[in-house]
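In this text, residue positions in the sequence shown follow the working numbering: the first is 1441, and each later residue adds one.
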Amino acid sequence: MGAALRRIQLGSALSTFGLGFTVPYLYVYVAQVRDLGAGTAGVVLAVFAMAALAVLPFTGRVIDRRGPLPVLVVASVVASLGAVALGFSSQVTAAVLSAAVLGAGTAVMQPALATMLVRCSDATTRTRAFAMQFFLQNLGLGIGGLVGGLIVDTSRASSFTMLFLIEAVMFLVLGAIAATVRMPRPTAVPKDAAADGSAPRGGLRVLLSHRAMVQLCVLGFVVFFACYGQFESGLAAYGTEAAGIQPSTLGIALAANTAVIVVAQFVVLRLVERRKRSRVIASVGLIWAFAWIVAGYAGLGHGSQTMATAAMISTYALFGLGESMLSPTVAPLVADLAPESMVGQYNSAFALCKQLALAVGPAVGGPMGASLHGPYIVTFVLFSLGITVLALRLGRQLTPVQDQPSLAAVPSRVVAVSLPENAPAGGPAPVAAVH
């Protein structure tokens, strides 16, 4: 990696290290430590997610106009202020407003960081860059959660305040590191500019006319709905209610998920980086379908409690294996589909689909996992198989180089081959696959 890319990865890892301090304990902090009740805690978590939905539709255009660097710096400062405010919030209104500020700041960071990775990499290095980011973020979250667990004390609100202050400092560190990054200069005339030299068109209409990107957004929604949207809601409820595992075992299962990602990421990367992205994503759907079947055995198989516990831990581990296969495929594909002038908008649109799935997933999966055990498993087995179907359909919309970047003969910063149908004339010519 170049110096700029190394700094971006370091800042990203440190920010998720800070998030790891607070994310696992946010509900307990609001409901029990501040004694604001379970209802308020639920509102705080919902506002945290809804704030992301409110700002992401506008984030992409700002990134493309102003650049990802200033957007990331501002977002890190906003998130830091939200973390500090939440750490001192003892009233309902203050907690809700602080969560909104924190949620908005952290949401904007995602597409800004992704766009910076795109600008500091090319088609031949982008897969490894996003895989490294995913590896470091999970490592940061895991270590942050472990260290935070050693600090928290539910009898002392000051211990939680310390966690939020540490988180705030990590956000500021991200902003400071990002400010030292020297981003590559954009080309004088964007590759997707019109033939007369005018500025390229952008916006939602252009994005929605891009069939491959629309299909990828739908696929991304299903991916996050069927996996991430269930971790701390439906799957947790199902594990405790149907499988009868102890709540503490959920922590072990999440640790197994993180451990698989950390251990398997670069082994998996070697296996998938020269294979078609669509087929790799399709394989993830099959792996997750099997993971849900294993979860079904844990709760519906009438085996021993030991077997049920082992099955639930294995379910989380299998999800981790699938996640390590998605990190070097999905996020780089978003970048490779984007016209050069719309990288930020494409990253923001995909992040918006992710947030929608994370908001809808718990609302649907939570009640089902707690009471409708059989239908819950069947539903998410079908959703996982839907990932496979959608991935194979997406593969037919991609060019050979987009589906398998190792075919590219000449590295390029953004592989903008599959353009929206109403893209301006004079855009990039299709890249022929090298056989």
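By construction, the Cβ of each residue, glycine as well, lies at the ideal position given by its N, Cα and C atoms.
Between the CA atoms of Arg1645 and Ile1827 - distance to the nearest angstrom: Within the sequence shown, residue 1827 is the residue found at index 387, counting from 1. Within the sequence shown, residue 1645 is the residue found at index 205, counting from 1. In a straight line, the C-alpha of Ile1827 is about 26 Å away from that of Arg1645.
4-residue-minimum alpha helix (DSSP H) runs that sit fully inside the segment 1662-1748, ordered along the chain: 1674-1681, 1687-1712 and 1717-1740
Using the C-alpha atoms, what's the distance from Ala1652 back to Thr1565? Along the sequence shown, read from residue 1 onward, the residue named residue 1565 stands at position 125. Along the sequence shown, read from residue 1 onward, the residue named residue 1652 stands at position 212. Near 22 Å, if we compare the C-alpha coordinates of Ala1652 and Thr1565.
Check whether the segment 1441-1452 and the segment 1476-1488 are in contact - that is, three or more C-beta pairs closer than 8 Å. no
According to the Cβ coordinates, are Phe1661 and Cys1560 closer than 8 Å? By 1-based counting over the sequence shown, the position of residue 1661 is 221. By 1-based counting over the sequence shown, the position of residue 1560 is 120. At least 8 Å separates the beta-carbon of Phe1661 from that of Cys1560.
Check whether the Cβ atoms of Val1511 and Val1548 lie closer than 8 Å to each other. In the sequence shown, the residue the question calls residue 1511 occupies position 71. In the sequence shown, the residue the question calls residue 1548 occupies position 108. In this structure, Val1548 lies closer than 8 Å to Val1511 by Cβ.
If contact is defined by three or more beta carbon pairs under 8 Å, each pair taking one atom from either stretch, is the segment 1598-1617 in contact with the segment 1520-1529? yes
Alpha-carbon spacing of Leu1579 relative to Thr1769, whole angstroms: Residue numbering aside, residue 1579 sits at position 139 when the sequence shown is read from its first letter. Residue numbering aside, residue 1769 sits at position 329 when the sequence shown is read from its first letter. Spanning the two alpha carbons is a distance of roughly 19 Å.
So what does DSSP say about Met1910, is it helix, strand or coil? In the structure as shown, the chain starts at 1441 and stops at 1875, and residue 1910 therefore has no counterpart that could be examined.
I need the straight-line Cα distance from Gly1739 to Gly1784, nearest angstrom please. As a position in the sequence shown, residue 1739 is number 299, starting the count at 1. As a position in the sequence shown, residue 1784 is number 344, starting the count at 1. Roughly 43 Å between the two C-alpha positions.
Ile1768 - DSSP class collapsed to helix/strand/coil: As a working note, residue 1768 is residue 328 in the sequence shown. Contrary to the premise, residue 1768 reads as Pro rather than Ile in this sequence. Residue state, collapsed to three classes: coil.
Leu1590 burial status per 10 Å Cβ neighbour count (16 or more: buried): In the sequence shown, the residue the question calls residue 1590 occupies position 150. When all chains shown are included, Leu1590 counts as exposed.
State the CB to CB distance for the pair Ala1554 and Asn1697, rounded to an integer number of angstroms; the pair is presumed to be in contact (CB under 8 Å). The sequence position of residue 1554 within the sequence shown is 114, counting from 1. The sequence position of residue 1697 within the sequence shown is 257, counting from 1. About 22 Å separates the two Cβ atoms, so there is no contact after all.
Quick one: which unbroken alpha helix (DSSP H) runs of 4-plus residues sit fully inside the segment 1764-1842? Chain order, please. 1770-1777, 1783-1811 and 1813-1835
Alpha helix (DSSP H) segments (min. 4 residues) lying fully within the segment 1474-1554: 1477-1506 and 1508-1527
CB of Ile1817 within 8 Å of CB of Met1752, strictly: Taking the first residue of the sequence shown as 1, we reach residue 1817 at position 377. Taking the first residue of the sequence shown as 1, we reach residue 1752 at position 312. No.
So, with DSSP's three-state summary, where would you put Ser1561? The count along the sequence shown starts at 1 and reaches residue 1561 at position 121. Ser1561 falls in the coil class under three-state DSSP.
Rounded C-alpha distance that separates Ala1695 from Val1587: Reading the sequence shown from its first residue, position 255 is the one you call residue 1695. Reading the sequence shown from its first residue, position 147 is the one you call residue 1587. Computed Cα separation, rounded: 13 Å.
For Ser1718, collect the residues of the same chain with a Cβ closer than 7 Å to its Cβ; drop the 5 residues on either side in sequence, then sort them by chain order. Against the sequence shown, residue 1718 aligns to sequence position 278. Sequence-distant partners of Ser1718 (beyond 5 residues in either direction) whose C-beta falls short of 7 Å from its own C-beta, in its chain, are Ala1831, Leu1832, Leu1834, Gly1835, Leu1838 and Asp1843.
Please say whether Tyr1678 and Ala1416 have beta carbons closer to each other than 8 Å? What the structure shows of the chain is the stretch from 1441 to 1875, and residue 1416 is not part of that stretch, so it cannot be assessed.
Applying the 10 Å Cβ sphere with the 16-neighbour rule, what's the burial state of Gln1550? For this step, residue 1550 is matched to residue 110 along the sequence shown. Per the 10 Å Cβ criterion, buried.
To the nearest angstrom, report how far apart Met1765 and Val1473 are at their CA atoms. As a first step, residue 1765 is located in the sequence shown; it is residue number 325 there, counting from the start. As a first step, residue 1473 is located in the sequence shown; it is residue number 33 there, counting from the start. If I take the Cα positions, the gap works out to 38 Å.
How would you label Val1700, buried or exposed, when you count the other beta carbons within 10 angstroms and need 16 or more for buried? What you label residue 1700 is simply residue 260 of the sequence shown in a count that begins at 1. Val1700 should be labelled buried.
Assumed close pair Ala1491, Ala1544 - CB separation to whole angstroms, cut-off 8 Å: Working through the sequence shown from its first residue, we reach residue 1491 at position 51. Working through the sequence shown from its first residue, we reach residue 1544 at position 104. The Cβ separation is near 4 Å, so the contact holds.
Thinking C-beta only, is Gly1691 closer than 8 Å to Gly1581? Reading the sequence shown from its first residue, position 141 is the one you call residue 1581. Reading the sequence shown from its first residue, position 251 is the one you call residue 1691. Checking the sequence shown, residue 1581 turns out to be Leu, not Gly. It is not a contact, given that the beta carbons lie outside the stated cut-off.
Are Phe1575 and Leu1557 close, meaning C-beta to C-beta below 8 Å? The sequence position of residue 1575 within the sequence shown is 135, counting from 1. The sequence position of residue 1557 within the sequence shown is 117, counting from 1. No; because the gap between Cβ atoms is not below 8 Å, this pair is not in contact.
Report buried or exposed for Gln1670, applying the criterion of at least 16 other Cβ atoms within 10 angstroms of its Cβ. For this step, residue 1670 is matched to residue 230 along the sequence shown. Buried: at least 16 other Cβ atoms inside 10 Å.
In three-state DSSP terms, what is Ser1595? Position 155 of the sequence shown, counted from the first residue, corresponds to residue 1595. Coil, per DSSP.
Hey, how far is the Cα of Gly1522 from the Cα of Gly1741? By one-based count along the sequence shown, residue 1522 stands at place 82. By one-based count along the sequence shown, residue 1741 stands at place 301. So the two alpha carbons sit approximately 45 Å from each other.
Starting from the C-beta of Val1592, find all residues in its chain whose C-beta is less than 7 Å away, skip the five residues before and the five after it, and write them out in chain order. If you number the sequence shown from 1, residue 1592 lands on position 152. Once the five neighbours on either side are set aside, the close Cβ partners of Val1592 are Tyr1465, Ser1599, Phe1600 and Leu1603.
Cβ-based neighbour list, Gly1500, same chain, cut-off 8 Å, excluding 5 preceding and 5 following: Locating residue 1500 in the sequence shown gives position 60, counting from the first residue. Excluding positions up to five away in sequence, the list reads Pro1551, Met1782, Gly1784, Gln1785, Tyr1786, Asn1787, Ser1788 and Ala1789.
Below 8 Å CB to CB, which residues in the same chain sit around Val1702 once its five sequence neighbours on both sides are set aside? Position 262 of the sequence shown, counted from the first residue, corresponds to residue 1702. Close CB contacts of Val1702 within its chain, under the 8 Å cut and outside five residues either way in sequence, are with Phe1575, Asn1578, Leu1579 and Gly1582 (chain order).
Determine the closest residue to Ala1731 out of Val1724, Thr1755 and Val1720, with distance taken between C-alpha atoms. As a working note, residue 1731 is residue 291 in the sequence shown. Considering only alpha carbons, the answer is Thr1755.
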